[in-house]
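Notes to accompany the following structure.
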Amino acid sequence: MHWVVIGTGAIGSLMAVNLRRIGEHVSIKPRHATHSSISIIHNAHSYEFSTTTLPLTQPTQVFAAVKAYHVEALLQELRQSPLPQGSSLIVSYNGMLDNESVIMPERALHWVTTHGAYRHESEVVHAGSGESWLGWAQVERASSSRPAEVFSALNNALPLLNWSPAINQRRWQKLAINCLINAFTVIHNCRNGELLQHHLHHEQLDVAEEICWLAQHRGVQLVPEKLLEQAQQVVKNTANNFSSMLMDVRQQRQTEIDYLNGFVARQSTAAGRAAPANEKLWRQVQAISAF
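So, in structure tokens, the structure goes:
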């Protein structure tokens, strides 16, 4: 199979080198095509990838692990340059978009992961092993069979991969975990593990309860206390890590707060119920990250 990885972020780079490791043909579509090739170092090995642009001329599996604020532009680009018949689009990003149901292609797949990675110059580091879930993005296709070849390649490249007819449940769980951790690390300017010293239980519980109400409004059942337990476990497992949101703030990059706590606040208000705890975190991070 031919694969195109969108961008050179940490997770995309990690997938690119692992797909190459198992013998797949992989090229990279960078945001700004300034070179004909890109080198990525992983585990002391250097991998060379050719770069490509749209439109594509042969069936290709497109893996896009991108920032939430780049998703809509990517999908617009794919509408203008449709993928050839037999191609797949796998998308992965933190948070949710307000208009996902309208803009997401019918045959797109969501990939949700607990693997951790970061980039240091041209090197990608697999900071923490985890597992991943793959499922159809459109609820109407949830019961459709999995694309066997695509699933097998992704599972061999970066195990363990699970097929999930209920990928939306997984996405809501990840949204919640990110909402319960990332903004607080920005506000307290600390590593994940240091959040345990700030006694945030009551604040986090308010955030979790608002998320659970919105999820239930969307047909997804979550339990606030369970989400807090999961978030605390993630904090312990990644105690020495800086959240991606805090790193974005420190490097004066746009954050994904609008697609996490901001999404919860906006969508809750639209559904007829305020979400003041998420609204507060959204506004605080916006103020801190203004530049």
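Numbering (my numbering) for the sequence shown: 3 to 293. Ideal placement from N, C-alpha and C gives every residue a C-beta, glycine not left out. Small disclaimer: the values here were computed from a predicted structure and weren't measured.
Cβ distance (whole Å) where Ser39 is taken to contact Thr53 below 8 Å: In the sequence shown, the residue the question calls residue 39 occupies position 37. In the sequence shown, the residue the question calls residue 53 occupies position 51. That pair is a contact at about 6 Å.
Tyr71 in three-state terms, based on DSSP: Reading the sequence shown from its first residue, position 69 is the one you call residue 71. Of the three classes helix, strand and coil, the one that applies to Tyr71 here is helix, per DSSP.
The stretch 83 to 97 touching the stretch 47 to 67, judged by at least three CB pairs closer than 8 Å: The stretch 83 to 97, when compared against the stretch 47 to 67, does touch it at the 8 Å Cβ threshold.
Of the listed residues Glu231, Trp113, His44, Phe186, nearest to Ala129 (C-alpha basis): What you label residue 129 is simply residue 127 of the sequence shown in a count that begins at 1. It is His44 whose Cα lies nearest to the Cα of Ala129.
Contacts around Val251, its chain only, beta-carbon distance under 8 Å, and the 5 residues preceding and following it disregarded: The residue labelled residue 251 in the question sits at position 249 within the sequence shown. Correct list, in chain order: Val188, Thr257, Val287, Ile290, Ser291.
Minimum C-alpha distance to Lys228 - residue among Ser246, Asn243, Val209, His219: Looking up residue 228 in the sequence shown gives position 226. Considering only alpha carbons, the answer is Val209.
Beta-carbon proximity check, Leu85 vs Thr62, cutoff 8 Å: The residue labelled residue 85 in the question sits at position 83 within the sequence shown. The residue labelled residue 62 in the question sits at position 60 within the sequence shown. Result yes, Cβ atoms of Leu85 and Thr62 sit closer than 8 Å.
Exposed unless 16 or more other CB atoms sit within 10 angstroms - verdict on Ser270: Within the sequence shown, residue 270 is the residue found at index 268, counting from 1. In this structure Ser270 is buried. Its beta-carbon is surrounded by 16 or more other beta-carbon atoms within 10 angstroms.
Minimum C-alpha distance to Arg172 - residue among His204, Ser134, Ser146: Residue mapping note: residue 172 aligns to position 170 of the sequence shown, counting from 1. Out of His204, Ser134, Ser146, Ser134 has the C-alpha closest to the C-alpha of Arg172.
Inter-residue CB distance, Leu182 and Leu230 (contact presumed, cutoff 8 Å): The residue labelled residue 182 in the question sits at position 180 within the sequence shown. The residue labelled residue 230 in the question sits at position 228 within the sequence shown. The Cβ separation is near 7 Å, so the contact holds.
Bridge-paired residues (DSSP) for Gln269: Residue 269 sits at position 267 when you count from the first residue of the sequence shown. Beta-bridge pairing links Gln269 to no other residue.
Whole-angstrom distance between Leu136 and Asn170, CA atom to CA atom: Sequence index remark: in the sequence shown, residue 170 carries index 168 (1-based). Sequence index remark: in the sequence shown, residue 136 carries index 134 (1-based). The alpha-carbon atoms of Asn170 and Leu136 are separated by roughly 10 Å.
Member of Pro107, Met3, Glu102 whose CA lies at the smallest distance from the CA of Ser83: Here residue 83 refers to the residue found at position 81 when the sequence shown is read from its first residue. Measuring from the Cα of Ser83, the nearest candidate turns out to be Pro107.
Simplified DSSP assignment, three categories, for Thr187: By one-based count along the sequence shown, residue 187 stands at place 185. Residue state, collapsed to three classes: helix.
Classification of Phe293 by the beta-carbon crowding that lies within 10 angstroms, buried from 16 upward: As a working mapping, residue 293 is identified with position 291 in the sequence shown. With fewer than 16 Cβ atoms within 10 Å of its Cβ, Phe293 is classed as exposed.
Closest by C-alpha distance to Gln206, when choosing among Tyr49, Arg255, Val237, Val28: For the purposes of this step, residue 206 is taken as residue 204 along the sequence shown, with counting starting at 1. With distances taken between Cα atoms, Gln206 lies closest to Val237.
Option in Ile213, Met247, Pro161, Leu91 with minimal Cα separation from Gln175: Counting from 1 along the sequence shown, the entry for residue 175 is found at position 173. Nearest C-alpha to Gln175: Ile213.
Simplified DSSP assignment, three categories, for Ile24: The residue given as residue 24 occupies position 22 in the sequence shown. Note: Ile24 maps to coil in three-state DSSP.
DSSP bridge partner residues for Asn164 (one or two, in chain order): In the sequence shown, the residue the question calls residue 164 occupies position 162. Per DSSP, Trp135.
Residues near Val266 by beta carbon distance below 7 Å, same chain, minus five either side: To locate residue 266, count along the sequence shown from 1; it is residue 264. Contacts found: Cys181, Glu212, Ile213, Leu216, Ala277, Asn280.
C-alpha distance - Ala1 paired with Arg255, whole-angstrom precision: Because the chain is modelled from 3 through 293, residue 1 falls outside the range shown and cannot be assessed.
Enclosing beta strand (DSSP E) for Ala110 [first to last residue]: For the purposes of this step, residue 110 is taken as the residue at position 108 of the sequence shown. Run containing Ala110: 110 to 115, per the beta strand (DSSP E) assignment.
Pairwise C-alpha distance: Val28 and Gly118: Here residue 118 refers to the residue found at position 116 of the sequence shown. Here residue 28 refers to the residue found at position 26 of the sequence shown. The straight-line gap from Cα to Cα measures roughly 21 Å.
With 16 other Cβ atoms within 10 Å as the buried cut-off, status of Ser103: The residue you call residue 103 lines up with position 101 of the sequence shown. Result: exposed.
Exposure of Gly328, with buried meaning 16 or more beta-carbon neighbours within 10 Å: The displayed coordinates of the chain run from 3 to 293. Any statement about residue 328 would go beyond what the structure contains.
Buried/exposed call for Arg33, threshold 16 Cβ in 10 Å: Start at 1 with the first residue of the sequence shown, and residue 33 comes out as number 31. Arg33 is exposed by the Cβ-count criterion.
Limits of the beta strand (DSSP E) - the one that Glu125 falls within: Locating residue 125 in the sequence shown gives position 123, counting from the first residue. 125 to 130 is the span of the beta strand (DSSP E), which, as asked, contains Glu125.
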